[in-house]
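Enquirer: Quick one: this structure, given as structure tokens, is what I'll be asking you about.
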């Protein structure tokens, strides 16, 4: 039966959307478990421990709790905007994932396809546009709740997000000058071949990388820039009046935005899915070594007589890690598994930094926050862009 | 496919545009205006002007409208008071509107008698590369003059808004 190219495109796209959506939702749920665990260990306490082994089923319990809670719409709110705001926040947060490339073009069962939902040739601008629409979710939530704390949170967040979008865009522009493209796929392709080709090292873009990370923390309303929801001043900020799934959508939007900016940092500065050094020097054995070591350590601790509770769970995880290590050795899956591993590893490191900083830094004061971006970050980002542009012009 | 998408987003743009005028609360009007800007961006995208579409969302729907909403929230503007329409507006409003639209249609028909309908995706040259090239070669002088104009506007705003220093 001859197949229509449009039909097969639609089928492949639907499969990819289903996979990305399922993985993203699971990551969102477990990112929150990771955050609670890491912060707990920073504060020398065990964190979630009751639901499942080491609290591993806690995200599931949270989801069930949030779904079954009463969905309350307080009186005196502006109902249409009150209902629109969380939907806007979550839609805009999930939309930007659609242009993120997770790996190169691959070949599965005769189909050539990109490990990306869609490769549009203005992908960077698309992400900027979508993230600039995301601020409405928070601003409208704060206003429509008819609550002074929520209003203050919404106002703070819109002012903060407008201000930090400037250094963010300028920091993004510098690596774009080096790679000379707006497509995220081509951007990563231009950084092929070892960490010395990454935009971070090749163009000396360390300044714009740091500016990008700082502005990204502010854009996602994370500590130390979480003034829109500063709980000791504003109850819970813009989402004070929200409950049940509407609260959950703000929560998921925040984590989805965190994942998006981490992906952007990896794509723009850290070489996307490319390994830190070429495969001929043995970079394809790194995941095998890491997973095998993790498996052996888990088995060792599982066999330890003092660990009575973890005897079965740790051994099971040890065996799973060893199986994953063996899978990485199979040649037919290596072409898509290795890029995926490096991409996830880099994104994971940046996400860990997000959590780490939340556990260690205090919150800014509001006037400091504004002075910092307008008098500090913005001029430095401008200067960095000028110098980069000058150097690119000299070299071309 | 293109025509269906065009009709959907053109309809959204028109409905949001009417809603801007009909809503009594400034925030609702502003949200409708965002809808107009967003659907216009998608119409640009359908025509093949992808850079303009992205710039439309980033600048108009993103930055400008956020400032509008920010100011409305900050001033806490209330619901617009509705006054009764005047006798003349009730009597002549709809006939005048219809005759104005008819006149517009007639002028467009007279000025471009042989115009064919737009083909979607036919326009090439909407990429960032093409626009950058055009701005810095063909349209360099207008581009620079516009930037100076904007600089003067910024300076004027600062002069008008700053507090008197003694």
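Residue numbers (my numbering), protein chains in the order written: chain A, 1 to 396; chain B, 1 to 166.
Glycine included, every Cβ here is placed at the ideal spot set by N, Cα and C.
Given the structure is predicted, the values throughout are model-derived calculations rather than measurements.
1) Please decide whether residue 127 of chain B counts as near chain A, where near means a Cβ-Cβ distance under 8 Å.
2) Touching or not, the region 313-324 of chain A and the region 296-304 of chain A, by the rule of three or more beta carbon pairs under 8 Å?
3) Can you give me the Cβ contacts of residue 265 of chain A inside the same chain, cut-off strictly under 8 Å, excluding the 5 residues immediately before and after it?
4) On the three-state DSSP scale, how would you describe residue 221 of chain A?
5) Can we count residue 10 of chain A as close to the ligand FAD, meaning its CB is less than 7 Å from some heavy atom?
6) So with Cβ pairs under 8 Å, would you call residue 70 of chain B a contact of chain A?
7) Between residue 74 of chain B and chain A, is any beta-carbon pair separated by less than 8 Å?
8) If you reduce the DSSP assignment to three classes, tell me which class residue 395 of chain A lands in.
9) Distance cutoff 8 Å, beta carbons only. Does residue 132 of chain A sit that close to anything in chain B?
10) Considering only DSSP beta bridges, list what residue 112 of chain A is partnered with.
11) Please report whether the beta-carbon of residue 131 of chain B lies at a distance below 8 Å from any beta-carbon of chain A.
12) Residues in the region 148-179 of chain A with C-beta within 9 Å of chain B's C-beta atoms, listed in sequence order?
13) Which one of A:77, A:80, A:90, A:26 has the shortest CA to CA distance from residue 248 of chain A?
14) Measure the beta-carbon distance from residue 142 of chain A to residue 134 of chain A and round it to whole angstroms, keeping in mind my assumption that it falls under 8 Å.
15) At a Cβ cut of 9 Å, what residues of the region 28-43 of chain B count as close to chain A, listed as they run along the chain?
16) Taking Cβ-Cβ distances below 8 Å as the criterion, which residues of the region 308-319 of chain A are in contact with chain B?
17) So does the region 16-29 of chain B actually touch the region 69-87 of chain B, counting three or more Cβ pairs closer than 8 Å?
18) In three-state terms, what does DSSP make of residue 165 of chain A?
19) Would you mind stating whether residue 66 of chain B and residue 158 of chain A have Cβ atoms separated by less than 8 Å?
20) Keeping to the same chain, check which residues put their C-beta closer than 6 Å to that of residue 260 of chain A; ignore five residues upstream and five downstream.
21) Should residue 41 of chain B go down as buried or exposed, given a rule of 16 or more other Cβ atoms within 10 Å for buried?
22) What whole-angstrom Cβ distance do residue 197 of chain A and residue 191 of chain A have, given they're in contact under 8 Å?
23) If you scan the region 177-255 of chain A from start to end, which runs of the alpha helix (DSSP H) of 4 or more residues do you find wholly inside it?
24) Going by CA-CA distance only, name the one from A:20, A:161, A:240 that's closest to residue 103 of chain A.
25) Is the region 375-390 of chain A touching the region 49-62 of chain A in the sense that three or more CB pairs, one from each, lie closer than 8 Å?
26) Consider the Cβ of residue 18 of chain B: report whether some Cβ of chain A lies at a distance smaller than 8 Å.
27) Please list, in chain order, the chain A residues whose beta carbon lies closer than 9 Å to that of residue 51 of chain B.
28) Mapping DSSP to helix, strand and coil, what is residue 36 of chain A?
29) Can you pull the chain A residues whose beta carbon is under 9 Å from the beta carbon of residue 48 of chain B, in chain order?
30) With a cut-off of 8 Å, do at least 3 Cβ pairs link the region 324-331 of chain A to the region 281-289 of chain A?
31) Roughly how many angstroms lie between the CA atoms of residue 444 of chain A and residue 90 of chain B, to the nearest whole one?
32) If we cut at 8 Å on Cβ distances, does residue 157 of chain B have a partner in chain A?
33) Using only the alpha-carbon positions, how far apart do residue 357 of chain A and residue 7 of chain A sit?
34) Quick one, which of A:51, A:369, A:26, A:383 has its alpha-carbon nearest residue 226 of chain A's?
35) Considering residue 143 of chain A, what are the terminal residues of the alpha helix (DSSP H) in which it resides?
36) Mind checking residue 70 of chain A: buried by the 16 CB within 10 Å criterion, or exposed?
Expert: Considering the structure as presented:
1) So, interface residue.
2) yes
3) 209, 212, 213, 216, 350
4) coil
5) Of ligands this structure carries none, so the ligand FAD is not represented either.
6) yes
7) yes
8) helix
9) yes
10) A:107
11) no
12) Those would be 151, 154, 155, 158, 159, 161, 162, 165, 169, in chain order.
13) A:90
14) No, residue 142 of chain A and residue 134 of chain A are not in contact; Cβ-Cβ is about 14 Å, not under 8 Å.
15) 28, 31, 34, 38, 41
16) none
17) yes
18) helix
19) Contact: yes.
20) Closer than 6 Å at Cβ, skipping near neighbours: 96.
21) Of the other Cβ atoms in all chains shown, 16 or more fall within 10 Å of the Cβ of residue 41 of chain B; this residue is therefore buried.
22) 5 Å
23) 184-189, 199-202, 206-219, 231-234
24) A:20
25) no
26) When Cβ-Cβ separations below 8 Å define contact, residue 18 of chain B makes no contact with chain A.
27) 122, 125, 182
28) Look at residue 36 of chain A here: in three-state DSSP terms it is helix.
29) In chain order: nothing, as chain A lies at least about 12 Å away.
30) yes
31) For chain A, the structure presents residues 1 to 396; residue 444 of chain A sits outside this window and is missing.
32) For residue 157 of chain B, the closest Cβ of chain A is not nearer than 8 Å.
33) 47 Å
34) A:369
35) 123-144
36) exposed
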